[in-house]
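*Asks:* Let me begin by handing over the structure; questions about it come next.
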Amino acid sequence: MNGEPQRIGKPAPKRVTETEDFVAAWTRLTDAYGKRVANDPAAITFYKDMQQRLTDSVNVGLAQAQAQAGGWSLREIGRIFGTSHVAILKRIKLGREIIARREQAAGVVRLADAVKASVPQLREQRAEHLRAVGVEDYRVIPLKGRHRKTA
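In structure tokens form, the structure reads like this:
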């Protein structure tokens with residue numbers, strides 16, 4: 094024995110989420126966001142950031158895809174996207190810039206190591222935005238449960 098616990102049986106297989114499964118879940122989340130806006134119009138505070146995040150994510154994804162050996166050509170990606178390969182190259186350049194900016198801002202070498210947005214940070218962002226536009230926040234958050242103490 095080398096001091097490590099004995100493993101019995103086969104390791105659990107790594108769960109694979111197909112792109113279509115992910116997009117279906119994202120669509121449900123997006124629809125749920127619309128319902129949140131209906132119940133809490135201040136939720137639109139996050140709309141522009143979410144819209145930009147989606148655009149940035151596509152550009153970062155294209156930059157990361159282009160960095161991999163083999164795979165799809167820029168012309169193929171352009172056809173899928175409904176644009177030219179030159180437009181895809183521009184998005185790849187933007188993606189590289191986004192990666193570099195985020196890594197520098199987070200003080201990390203790899204973007205994957207950066208700290209993600211937290212609920213308290215988003216609550217503060219909402220409060221700051223509403224103060225800046227002169228709108229009182231009418232939402233009441235019960236003080237029970239996870240993340241509720243920052244409200």
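One gets the numbering used here by counting positions in the sequence shown from 1 and adding 93 to each.
Glycine is no exception: its CB is placed at the ideal position from the N, C-alpha and C atoms.
#1: Tell me the rounded alpha-carbon separation between residue 146 and residue 166.
#2: Would you mind sorting residue 188 into buried or exposed? The rule is 16 or more other CB atoms within 10 Å of its CB.
#3: Using three-state DSSP, classify residue 107 as helix, strand or coil.
#4: Going by C-alpha to C-alpha distance, which of 216, 169, 178 and 143 sits closest to residue 122?
#5: What three-state label does DSSP hand residue 133 in the structure shown?
#6: Grab me the residues of residue 154's own chain with a C-beta within less than 8 Å of its C-beta, minus the 5 sequence neighbours each way, in chain order.
#7: Skipping 5 residues on each side, what residues in its chain have a beta carbon closer than 6 Å to that of residue 41?
#8: Under a Cβ-count criterion, where at least 16 other Cβ atoms within 10 Å of its own Cβ denotes burial, should residue 210 be classed as buried or exposed?
#9: Per DSSP, what kind of secondary structure is residue 165 in: helix, strand or coil?
#10: Consult DSSP for residue 101 and reduce its assignment to one of helix, strand or coil.
#11: Please report the residue range of the alpha helix (DSSP H) in which residue 231 lies.
#12: Would residue 220 and residue 230 be called neighbours here (beta carbons separated by less than 8 Å)?
*Replies:* With the structure as the only source:
#1: As a first step, residue 146 is located in the sequence shown; it is residue number 53 there, counting from the start. As a first step, residue 166 is located in the sequence shown; it is residue number 73 there, counting from the start. The alpha-carbon separation between residue 146 and residue 166 amounts to approximately 25 Å.
#2: The residue you call residue 188 lines up with position 95 of the sequence shown. Sixteen is the threshold: when 16 or more other Cβ atoms of the shown chains lie within 10 Å of the Cβ of residue 188, as they do, the residue is buried.
#3: By 1-based counting over the sequence shown, the position of residue 107 is 14. The three-state reading of DSSP puts residue 107 in coil, since its state is none of H, G, I, E or B.
#4: In the sequence shown, counting from the first residue as 1, residue 122 sits at position 29. Ranking 216, 169, 178 and 143 by Cα distance to residue 122 puts 143 first.
#5: Counting from one through the sequence shown, the residue named residue 133 turns up at place 40. Three-state result, residue 133: coil.
#6: Counting from one through the sequence shown, the residue named residue 154 turns up at place 61. These residues qualify, in order along the chain: 188.
#7: Given that the chain is displayed from residue 94 to residue 244, the structure contains no residue 41 and the question cannot be resolved.
#8: As a working note, residue 210 is residue 117 in the sequence shown. With fewer than 16 other Cβ atoms within 10 Å, it is exposed.
#9: In the sequence shown, the residue the question calls residue 165 occupies position 72. For residue 165, the three-state secondary structure derived from DSSP is coil.
#10: Translated into the one-based positions of the sequence shown, residue 101 becomes position 8. DSSP, reduced to helix, strand and coil, places residue 101 outside both helices and strands of the structure shown, so it counts as coil.
#11: Here residue 231 refers to the residue found at position 138 of the sequence shown. Careful: residue 231 lies outside any alpha helix (DSSP H) and carries neither H nor E.
#12: Against the sequence shown, residue 220 aligns to sequence position 127. Against the sequence shown, residue 230 aligns to sequence position 137. In this structure, residue 230 lies closer than 8 Å to residue 220 by Cβ.
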